[in-house]
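Visitor:
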Amino acid sequence: KAAGVVPVTINIKIPQGATFIERYFFLTSDDNPMPYLETATVLCQVREYPADISSQVVAQATTTIKPTTGEIEVFYPVSETVKLIDPPDGCGYYRDIRIIYDDNSEDCIVTGRVMPIPEVSRV
Numbered sequence: 002k003a004a005g006v007v008p009v010t011i012n013i014k015i016p017q018g019a020t021f022i023e024r025y026f027f028l029t030s031d032d033n034p035m036p037y038l039e040t041a042t043v044l045c046q047v048r049e050y051p052a053d054i055s056s057q058v059v060a061q062a063t064t065t066i067k068p069t070t071g072e073i074e075v076f077y078p079v080s081e082t083v084k085l086i087d088p089p090d091g092c093g094y095y096r097d098i099r100i101i102y103d104d105n106s107e108d109c110i111v112t113g114r115v116m117p118i119p120e121v122s123r124v
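Numbering-wise (my numbering), the sequence shown opens with residue 2 and increments by one.
#1: State the beta-bridge partners of Lys67 as determined by DSSP.
#2: Let's test the definition: count the other Cβ atoms within 10 Å of the Cβ of Asp103 and tell me whether it reaches 16, buried, or not, exposed.
#3: Give me the Cα-Cα distance between Leu28 and Cys109, rounded to the nearest whole angstrom.
#4: Take Thr42 and list the residues in its own chain whose beta-carbon comes closer than 6 Å to its own, dropping the five residues that flank it on each side.
#5: Taking DSSP as the reference, what is the three-state secondary structure of Thr40?
So this is what it looks like as structure tokens:
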């Protein structure tokens, strides 16, 4: 709350569990899109614990790939975001984003933590 700024009152009828979008750019060292993205599948699963410890998926994100720019958009729909309102240890959930190529090899671009904000829609 900045000094002199009146807080905005949000209409209570806005559904809790906002849409939540993350964008990643999967690029080579010279800033070109990684090859083979046009035939790859991207999965994003969210767990309470890292993927190597837990196989239990709490929420599933929808992903889209833009092979020409290397951009991968991870979109948590409202129905999935509302599952993430009580993060374990208060530190967020673990996301596991995997790019699976048509020869079944895969890359994992991030396995950090995610803390969707269950309020108004934010990007």
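Each residue gets a CB set at the ideal place from its N, CA and C atoms; glycine is no exception. Because the structure is a prediction, the values reported are computed rather than measured.
Guide: Taking the structure as given:
#1: Glu72
#2: exposed
#3: 13 Å
#4: Ile101
#5: helix
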